[in-house]
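Trainee:
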Amino acid sequence: MPQAVDERVAVSRRQRLSGGGPLGPDRDNLAVILSLAGFVEAGLGGAPADVLKRRLINLLDATDAAIDLGALPELVRPTFDNLVERVLVAADNRSAEASDHFAKAVSSMEQDAEELPSSAESHSVSGADGRSVVERIWDSLSPRMAK
Amino acid sequence: MTGLVLDARSLTLPTLRLGAPAIIRSRGEPPPLPPAEVTVTIHRQPLAVAADAQVAVLDHWRAHRLEPSPTMGSDLREAGLLHHCGFLSADPGGPLIFRRIADATVKALGREWARQQLGKPNDDDPYSEYAIQLATHYDEAIQGGEPVYNHLVIHGLAHPVVYSHLLVGWTSPTGQQALLTVIDWPGV
Chain A
1 MPQAVDERVA VSRRQRLSGG GPLGPDRDNL AVILSLAGFV EAGLGGAPAD
51 VLKRRLINLL DATDAAIDLG ALPELVRPTF DNLVERVLVA ADNRSAEASD
101 HFAKAVSSME QDAEELPSSA ESHSVSGADG RSVVERIWDS LSPRMAK
Chain B
148 MTGLVLDARS LTLPTLRLGA PAIIRSRGEP PPLPPAEVTV TIHRQPLAVA
198 ADAQVAVLDH WRAHRLEPSP TMGSDLREAG LLHHCGFLSA DPGGPLIFRR
248 IADATVKALG REWARQQLGK PNDDDPYSEY AIQLATHYDE AIQGGEPVYN
298 HLVIHGLAHP VVYSHLLVGW TSPTGQQALL TVIDWPGV
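Same order as they appear, the protein sequences are chains A and B.
Heads up: the first sequence runs through residues 1 to 147, numbered per our numbering.
Heads up: the second sequence runs through residues 148 to 335, numbered per our numbering.
1. If I follow the unbroken alpha helix (DSSP H) through B/Arg212, where does it start and stop?
2. Going by CA-CA distance only, name the one from B/Leu299, B/Pro217, B/Leu265, B/Arg209 that's closest to B/Gly233.
3. Distance, Cα to Cα, B/Leu313 vs A/Ser107?
4. For B/Gly316, list the residues DSSP reports as bridge partners.
5. Would A/Glu85 count as contacting chain B if we go by Cβ distances under 7 Å?
6. Run through chain A and tell me which residues come within less than 8 Å of B/Gly322, C-beta to C-beta.
7. Does the beta-carbon distance from A/Ile95 to B/Pro320 come in below 7 Å?
8. Can you list the alpha helix (DSSP H) stretches of 4 or more residues lying completely in the region 60-121 of chain A, in chain order?
9. Hey, how far is the Cα of B/Val300 from the Cα of A/Thr79?
10. Among A/Pro48, A/Asp6, A/Asp68, A/Glu85, whose alpha-carbon lies nearest the alpha-carbon of A/Leu36?
11. Could you tell me which of A/His101, A/Leu116, A/Glu97 sits nearest to B/Arg246, measuring between CA atoms?
12. Taking A/Val87 as the reference, which of A/Phe102, A/Val32, A/Gly38 has the closest Cα?
13. So what does DSSP say about B/Thr252, is it helix, strand or coil?
14. Among the residues of its own chain, which have a CB less than 7 Å from the CB of B/Asn297, if the five just before and after it don't count?
15. Are B/Leu228 and B/Ala200 close, meaning C-beta to C-beta below 7 Å?
16. Under a Cβ-count criterion, where at least 16 other Cβ atoms within 10 Å of its own Cβ denotes burial, should A/Asp50 be classed as buried or exposed?
17. Give me the residue from B/Leu243, B/Asp286, B/Ala255, B/Trp208 with the minimum Cα distance to B/Val309.
18. Is it the case that the Cβ atoms of B/Val329 and B/Ala288 are separated by a distance below 7 Å?
19. Per DSSP, B/Asn297 is paired with what?
20. Going along chain A in order, which residues have a C-beta closer than 7 Å to the C-beta of B/Thr218?
21. Under a three-way DSSP split, which group does B/Ala261 fall into?
Laid out in structure tokens, this is it:
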């Protein structure tokens, strides 16, 4: 491919990356995009609080750097701040819901000492699979033993 | 069926000691006698050789792998699986505490031990290297977020004990932890 065509393709790709907006060098934009994706993924995915905090710091650092370098215009900051707030609210809600589910799950599994079986009671611990552990071990070894 | 994965290194039997849990020893009593020597081997196995009850609980976990179902107890009871299950939970930064003990474990270690242990931390017995060794696998299931399946052989009790456990765990965004252990101990 001739060099001039190469350059036109590269320019076209940069324009597509910037969405036609007043955006600067792609590398700085990508740092913001990646940190934004990481933060949103952590916030909506139920990541632990320390992970979410670390990713928020990454996002704020990347945004500040991109604006300082002119890769992003200052006017995007309110949009980013709004997005951050929404994700944090969603993460808070999700965290509260998860805590509630945990508490209910623990409560549903809580066993009273009176429920404990007497030593003489017998259950079919192997469930529907009547084979013993030894039998299953033997079955799983059989293909090797036949070699 | 997937074959067993036996690591030759795991065939060396570590020495474990099972002593009376600290919680059932009264204050002022003389130190306990040296515990009988108990040895155990723990073999990691593929899930393909898990028992039906363990597979059924695994399916339940896959449907709720992000967080435990609020109705887990009744779900497992209705499915006839609850008596296979032990359950431990921890507050953020706290120890894992016994909330439920599988019937097979009660039969092995005794009803009195189980009665005392409910509501107590798994690691409250400094003499129990066995509990400490299991805790490593509990931690793996919780932190790793993937099921852990082991075959275990305990020697040194009145009778050799061969059983398996499936371990699945959860961690909440605020650091709560939960562990479900599903015991398969045929013939008990």
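Glycine included, every Cβ here is placed at the ideal spot set by N, Cα and C.
Mentor: Quick look at the numbers:
1. Premise fails: B/Arg212 is in no alpha helix (DSSP H) and is neither H nor E.
2. B/Leu265
3. 21 Å
4. B/Leu326
5. no
6. Pro48, Ala49
7. In the sequence as displayed, the identity of residue 95 of chain A is Ser instead of Ile. For the 7 Å CB-CB criterion, A/Ser95 and B/Pro320 form a contact.
8. Runs of the alpha helix (DSSP H) inside the region 60-121 of chain A: 77-109.
9. 60 Å
10. A/Glu85
11. Residue A/Leu116 is the option with its Cα nearest to B/Arg246.
12. A/Gly38
13. helix
14. Cβ within range, chain order: Ile189, His190, Arg191, Gln192, His284, Ser311, His312.
15. Yes.
16. Exposed, because fewer than 16 other Cβ atoms sit within 10 Å of the Cβ of A/Asp50.
17. B/Ala255
18. Their beta carbons are not under 7 Å apart, which means B/Val329 does not touch B/Ala288 by this criterion.
19. Answer by DSSP bridge pairing, in chain order: B/Arg191, B/His312.
20. Ser108
21. helix
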